[in-house]
Structures are given as structure tokens and as C-alpha cells.
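In my numbering, the protein residues as written are 157 to 372.
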């Protein structure tokens, strides 16, 4: 089973949409796909949204009421923090060709007990990181820092732009060029507003590179 962990350079960059797109592209190739959301915070339901967009089987392990980093949200709510061992065990029980794990916030956000992060989970699961980046101002620094943190841990990372505006301004065009150079080649560009586009699952492969089951 191949395992991809979808993380980001920040919160709100489009991790859920990118996860759904990868799931849809893999399903279109006839693969068995499972999606795991270790910790959900706030009122969102990312696993539900991924299932609706892609048709993949999804599961959330724990949910916390406040829209905070999961480790912080658990403390504030007086609830047990998620153990990384429980996520690893759930992954081990999964029967699929592809397991997608969607993190929360950025790469080093504390997700559970003892402050483990998506980077730690990548190492524990021997998983490949997929980094979702913004198209707008600030993305070059955030993306470079995230890739440097992965490299220091002996991990590589594919980078996908999570929401590219249809009408690009100068900053989007220059960031597209500079991110391509920085990453040695982007792994995908998902259009802004993709969740409300008709035919999401059918369009998804065209947004992603072959390494993520796409045709882009």
C-alpha cells in the first residue's frame, strides 16, 4: 500500500481539495483508495467533503470542537490528545492500494500527544509528503521553509498549488514560475473554486501530475 500524507505550508491552503483530487484521480485508475483524517477541529468535516467530491472511503479518528491546532484543541476541550500509535495502527488495518492521510494546518503543527506532527507521521508510516501551497504572496517563503524542514528529516515532498485563481495577476504568474524552479517541477495546480465546479472527479486528473495519478 502506498501512503501519501497531505500537509500544507499553512492553514487554509487547500489540503482537503487536493486530497479529494488525488483520491478521485487514483479511483479513476481503478485503485482502491482510503482516506484518513487523524484529527478534525472546529465545525468543518474534511472527511465528509473528500468523500462527497471523490467518492473515496474516508474516516476521521478524533474531533475537537474548537478551530485550533489539534493538540491545543484537545487541551482546551479537556479531551485526550490523539496518540500517533493509534494513527499508525489504523493505517496498518487499512486495506487499499492507496492511503491518503490529511493533516491539519502546516507540516509542523502539533497533531497529538507529546506534540507529534505530520513530519513525524511521515517517518512513522514511511509515507510520501504532498505539500499544498498557496498561489498568493508569501508562498515562496512558506514553501521553502516547509521543504527545508522535510529535507532536514531526510524526506522529499511533492508540491501542489491548492487554489490557483482563474484570472491570474502578476504575483500569481511570478509565483508559478518561482515555485516551479524552487520545487524542480510542481506536482499539480488545482483551480480556485474547484469544490463547486461541475464534474470534480472527472476533472481532477487534469490538475495533477502522473506521480499523483493525474495527466497534467
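Idealized CB from N, CA, C, for every residue including glycine.
First and last residue of the uninterrupted beta strand (DSSP E) at residue 286: The continuous beta strand (DSSP E) containing residue 286 extends over residues 284 to 289.
Please identify the residue among 221, 269 and 185 whose C-alpha is closest to the C-alpha of residue 238. Residue 238 has its Cα closest to that of 269, out of 221, 269 and 185.
Would you call the stretch 295 to 303 and the stretch 205 to 215 in contact, with 3 or more CB pairs under 8 Å? The stretch 295 to 303 is not in contact with the stretch 205 to 215.
Nearest CA to the CA of residue 291: which residue from 333, 308, 281 and 279? Closest by alpha carbon: 333.
For residue 289, which of 316, 275, 263 and 271 has the nearest alpha-carbon? When 316, 275, 263 and 271 are compared, the shortest CA-CA separation from residue 289 is found for 316.
In terms of residues, what are the limits of the alpha helix (DSSP H) holding residue 249? From DSSP, the alpha helix (DSSP H) with residue 249 extends over 240 to 249.
What is the rounded straight-line gap between the Cα of residue 267 and the Cα of residue 259? Whole-angstrom Cα-Cα distance: 8 Å.
Residue 245 versus residue 327: straight-line alpha-carbon distance, rounded: Each residue's Cα considered, the two are about 43 Å apart.
Run through the stretch 267 to 316 for me and flag every whole beta strand (DSSP E) of 3 or more residues, listed as ranges in chain order. The qualifying runs are 284 to 289.
So, for residue 203: in the same chain, excluding its five sequence neighbours on each side, which residues have a beta-carbon less than 6 Å away from its beta-carbon? Excluding residues within five positions, the ones whose Cβ falls inside 6 Å are 193, 214 and 216.
Using the C-alpha atoms, what's the distance from residue 163 back to residue 175? Take the alpha-carbon of residue 175 and the one of residue 163: they are about 9 Å apart.
DSSP three-state assignment for residue 366, whether helix, strand or coil: For residue 366, the three-state secondary structure derived from DSSP is helix.
Tell me, to the nearest whole angstrom, how far the beta carbon of residue 182 is from that of residue 369; I am working on the premise that it is less than 8 Å. The pair is a contact, with the Cβ atoms about 4 Å apart (cut-off 8 Å).
Would you mind working out which of 253, 222 and 168 sits nearest residue 233, comparing C-alpha positions? For residue 233, the nearest C-alpha among the options comes from 222.
Going by the CB atoms, is the gap between residue 226 and residue 195 shorter than 7 Å? Yes, these two residues count as a Cβ contact at 7 Å.
Does DSSP classify residue 330 as helix, strand or coil? Three-state DSSP puts residue 330 in a helix.
C-alpha gap between residue 257 and residue 165, whole angstroms: If you take the alpha carbons of residue 257 and residue 165, they lie about 16 Å apart.
Where do the N-terminal and C-terminal ends of the beta strand (DSSP E) with residue 217 fall, by residue? Unbroken beta strand (DSSP E) run through residue 217: 213 to 220.
Using three-state DSSP, classify residue 188 as helix, strand or coil. The answer is coil: DSSP assigns residue 188 none of H, G, I, E or B.
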